[in-house]
Amino acid sequence: MQNESRLLHITGIVQGVGFRPFIYQLAKANGLSGYVKNLGNYVEILIEGDRECLDNFLKELPEKKPPLAKITELRTKNVPFSGYSGFIIVPSESGVFENSIIPPDTAICEQCRSEIFDPSSRYYHYPFTVCTNCGPRYTTVRTLPYDRENTTMADFPLCPECEKEYTDPLNRRYHAQPVCCPKCGPEIWLSDREGNVLSRGYEAIASASDLLQEGSILAVKGFGGFHIACNARQEEPVNELRRRLKRPEQPFAVMAKNAGVAESFADLEGAGREYLTSHRRPITVLPRSEEFNLADSVSPGLHNIGVMLPYTGTQNLLFDRVPDAVYVMTSANLPGRPMVVDNREALEKLKGIVDFYLLHNRVIANRNDDTVIRIVNGQAAFIRRSRGYVPEPVELPFEIEASIGVGAEMNSTVTVAKGKLAYISQYIGNTSHVETYRYHSEVVRHLIRLTGIEPLHWSCDLHPSFNTTRFALKMGGENTLKIQHHYAHMLALMADNSLPLGSRILGIALDGVGYGGDGTIWGGELFESSYFGYERIGHLLPQPMPGGDLASRVP
0 MQNESRLLHI TGIVQGVGFR PFIYQLAKAN GLSGYVKNLG NYVEILIEGD RECLDNFLKE
60 LPEKKPPLAK ITELRTKNVP FSGYSGFIIV PSESGVFENS IIPPDTAICE QCRSEIFDPS
120 SRYYHYPFTV CTNCGPRYTT VRTLPYDREN TTMADFPLCP ECEKEYTDPL NRRYHAQPVC
180 CPKCGPEIWL SDREGNVLSR GYEAIASASD LLQEGSILAV KGFGGFHIAC NARQEEPVNE
240 LRRRLKRPEQ PFAVMAKNAG VAESFADLEG AGREYLTSHR RPITVLPRSE EFNLADSVSP
300 GLHNIGVMLP YTGTQNLLFD RVPDAVYVMT SANLPGRPMV VDNREALEKL KGIVDFYLLH
360 NRVIANRNDD TVIRIVNGQA AFIRRSRGYV PEPVELPFEI EASIGVGAEM NSTVTVAKGK
420 LAYISQYIGN TSHVETYRYH SEVVRHLIRL TGIEPLHWSC DLHPSFNTTR FALKMGGENT
480 LKIQHHYAHM LALMADNSLP LGSRILGIAL DGVGYGGDGT IWGGELFESS YFGYERIGHL
540 LPQPMPGGDL ASRVP
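Counting from 1, position 235 in the sequence shown corresponds to residue 234 in numbering that gives the first Met the number 0; the numbering is continuous, with no gaps.
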């Protein structure tokens with residue numbers, strides 16, 4: 000029977016998820032020859048063999064792909080037969096970037112989690128254990144292609160045992176870029192307020208667990224930044240944390256070992272359980288249960304509570320000695336400022352707030368705060384879209400040229416888009432602060448570099464005094480489009496609901512204040528909107544208030 004040859008180009012989440020070894024094994028199982036390789040921001044596959052085997056390969060590819068892989072486009076064409084003698088994995092090459100991206104950070108998988116609790120495993124009690132199905136991705140990557148030398152794991156040369164697993168296409172750790180072990184990987188340690196090392200390795204985690212039970216407040220370094228932790232079952236440490244952070248009422252998120260423990264203080268009925276236990280591990284806002292047995296000061300006066308489960312090895316090990324423990328886990332940042340990510344920065348900025356530091360020496364390339372969702376009509380509604388989801392693209396209901404939206408001032412994010420795919424950045428914060436504005440600029444550069452989308456069009460808020468508006472005008476010049484703040488919300492609603500280009504809606508924006516098209520401050524709008532413009536058909540009565548934006552806070 001005559002052999003045929005086909006060339007495949009696949010875009011999507013196909014780097015760092017075990018995609019190439021999967022293709023290798025699938026080709027071998029179907030008796031095919033050829034190669035698979037990364038080309039910049041997509042994967043190229045050449046397969047050769049019998050037509051029936053080729054067809055079966057193409058049928059099984061989307062059905063059996065790795066759990067973290069996501070294919071957004073698969074292009075196939077017939078090419079001349081080359082006569083490869085077998086199937087090989089070719090080292091990565093830099094190529095033309097297409098709409099593709101590395102995967103988000105995900106929770107430690109059950110296989111790796113089992114190993115860190117298995118005394119016979121070489122990964123026993125090692126908190127940085129990962130494979131191609133789990134662990135940090137986005138927070139480690141510096142540039143593309145997504146290979147170890149382009150990540151923060153380049154600081155940790157592989158030992159012979161890890162090298163063997165890393166280079167074996169049949170091993171689940173094949174080309175898992177964060178792979179490491181106690182011999183060659185990052186190290187964890189516990190320090191006091193002055194940075195003096197008190198203990199290392201699992202002993203440091205065990206001591207941290209004991210200190211939390213005793214009422215101490217700790218800084219804990221994770222994938223994408225630091226958390227501040229304390230015992231959520233005791234009023235005294237929670238109130239003391241509130242005093243130190245000057246946050247008298249804002250609710251704290253908590254972390255429990257598993258869903259069973261979470262059920263002792265939260266209602267997990269319906270979709271809440273599904274999202275809470277997913278590999279994305281968001282903070283899920285759930286109703287408080289009738290038998291609520293945490294400190295009331297965790298979420299004072301509220302009927303709900305933000306809950307998450309452990310997603311790192313360190314967090315899982317913190318529950319090793321006290322399985323029913325519940326910890327406050329709040330982001331380590333001052334209001335509106337970026338989350339702390341560097342060890343030295345933590346020792347300086349968190350001084351007087353925490354008593355001890357649980358640190359490690361893996362550099363965080365990209366800050367990434369926890370995602371926060373709540374369940375509305377059985378679906379996740381994002382309060383903050385970040386870890387576990389970023390930089391995974393969302394699909395638009397139309398196609399656009401390469402564009403970027405730089406966000407407004409508070410609770411800012413950045414979005415780059417091309418074709419039908421939009422890549423939304425992690426949560427950035429309040430860009431009126433100099434530190435956050437600098438961070439915003441870093442995120443813009445990094446997202447453009449990772450996606451390979453060079454914006455032809457820039458968009459920003461209509462407000463002339465926002466730092467983000469000035470930034471967009473500087474970068475985009477005459478190609479910058481200013482958008483009225485509340486109209487931007489209407490456009491987001493339309494895109495979120497996949498409305499086609501010709502759609503028109505009536506929408507209400509109750510988003511506080513926004514700079515209006517007439518140069519006054521607007522608030523409380525009723526719009527008739529399309530993707531191409533709006534009519535302001537109703538609004539709250541305007542009030543003369545000297546002081547501009549400041550009047551909204553200090554009337």
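We put the beta carbon where it would ideally sit given N, CA and C, even for glycine.
Checking the sheet assignment: what are the DSSP bridge partners for residue 402?
416 and 456
query = Can you tell me whether DSSP reads residue 391 as helix, strand or coil?
reply = coil
* Asked: Does DSSP put residue 61 in a helix, in a strand, or in coil?
  -> helix
message: Measuring straight from C-alpha to C-alpha, what distance separates residue 317 and residue 296?
response: 22 Å
Hey, how far is the Cα of residue 544 from the Cα of residue 550? 6 Å
Should residue 131 and residue 173 be called a contact, given that it needs their Cβ atoms to be closer than 8 Å? yes
Helix, strand or coil for residue 503 per DSSP? strand
Query - Supposed contact pair residue 187 and residue 8 - C-beta distance, whole angstroms, cut 8 Å - result: With a Cβ gap of about 41 Å, residue 8 and residue 187 do not count as contacting.
Range covered by the alpha helix (DSSP H) that runs through residue 467: 466 to 475
Distance, Cα to Cα, residue 518 vs residue 483?
Distance from the CA atom of residue 518 to the CA atom of residue 483, rounded to whole angstroms, is 11 Å.
Compare the Cα-Cα distances from residue 437 to each of 424, 467 and 416 and report the closest residue.
467
Exercise for the section: Could you tell me if residue 500 is buried or exposed, where buried requires 16 or more neighbouring beta carbons within 10 angstroms of its beta carbon? Expected result: exposed
Using DSSP's beta-bridge definition, name the partner residues of residue 262.
Its beta-bridge partners do not exist; DSSP assigns none.
| query | Is residue 254 helix, strand or coil when you go by DSSP? | reply | strand
| said: Between which two residues does the alpha helix (DSSP H) holding residue 83 run? | reply: Residue 83 -> no alpha helix (DSSP H), and no H or E assigned at all.
* Can you name the start and end residues of the alpha helix (DSSP H) that residue 237 belongs to? -> 234 to 244
Requested in this report: Let me know if residue 103 comes out buried or exposed under the rule of 16 or more other beta-carbons within 10 Å of its beta-carbon.
Outcome: buried
query: Taking just the CA atoms, how far does residue 64 sit from residue 24?
result: 11 Å
Is it the case that the segment 347 to 364 contacts the segment 147 to 162, given that we only count it when at least three CB pairs across the two stretches are under 8 Å?
A contact between stretches requires three or more CB pairs, one per stretch, nearer than 8 Å, and the segment 147 to 162 meets this requirement with the segment 347 to 364.
Residue 311 (DSSP reduced to helix, strand or coil):
coil
According to DSSP, is residue 157 helix, strand or coil? coil
- Task: Inspect the beta-carbon positions of residue 238 and residue 214 and report whether they are closer than 8 Å.
- Result: In this structure, residue 238 lies away from residue 214, with their beta-carbon atoms at least 8 Å apart.
Quiz item: What residue range is occupied by the uninterrupted beta strand (DSSP E) comprising residue 105?
Solution: Careful: residue 105 lies outside any beta strand (DSSP E) and carries neither H nor E.
- Message: Nearest by alpha-carbon distance to residue 246: which of 29, 275, 342 and 298 is it?
- Response: 298
#### Entry: Sheet register partners of residue 528 (DSSP bridge)
504 and 533, per the DSSP bridge assignment.
message: Rounded to whole angstroms, what is the Cα-Cα separation between residue 217 and residue 537?
response: 50 Å
- request: Please name the residue in 408, 14 and 78 whose C-alpha comes closest to that of residue 69.
  value: Its Cα nearest to that of residue 69, the residue 14 stands out among 408, 14 and 78.
- When the Cα atoms are used, what is the spatial distance from residue 66 to residue 516? 47 Å
Quick check: residue 270 and residue 374, are their CB atoms within less than 8 Å of each other? In contact: residue 270 and residue 374 (Cβ atoms closer than 8 Å).
- prompt: For residue 493, which beta-bridge partners are listed by DSSP?
  reply: For residue 493, which the question treats as bridged, DSSP gives no partner whatsoever.
| task | Could you name the residues that DSSP lists as bridge partners for residue 230? | result | 326
What separation, rounded to the nearest whole angstrom, lies between the Cα atoms of residue 292 and residue 494? 41 Å
| request: Note down the Cα distance separating residue 383 from residue 371, rounded to an integer number of angstroms. | output: Rounded to the nearest angstrom, the two C-alpha atoms are 5 Å apart.
- Which partner residues does residue 12 have in the DSSP bridge list? 69
**Study point:** C-alpha distance - residue 267 paired with residue 401, whole-angstrom precision
**Key:** 41 Å
Residue 462 - DSSP class collapsed to helix/strand/coil | coil
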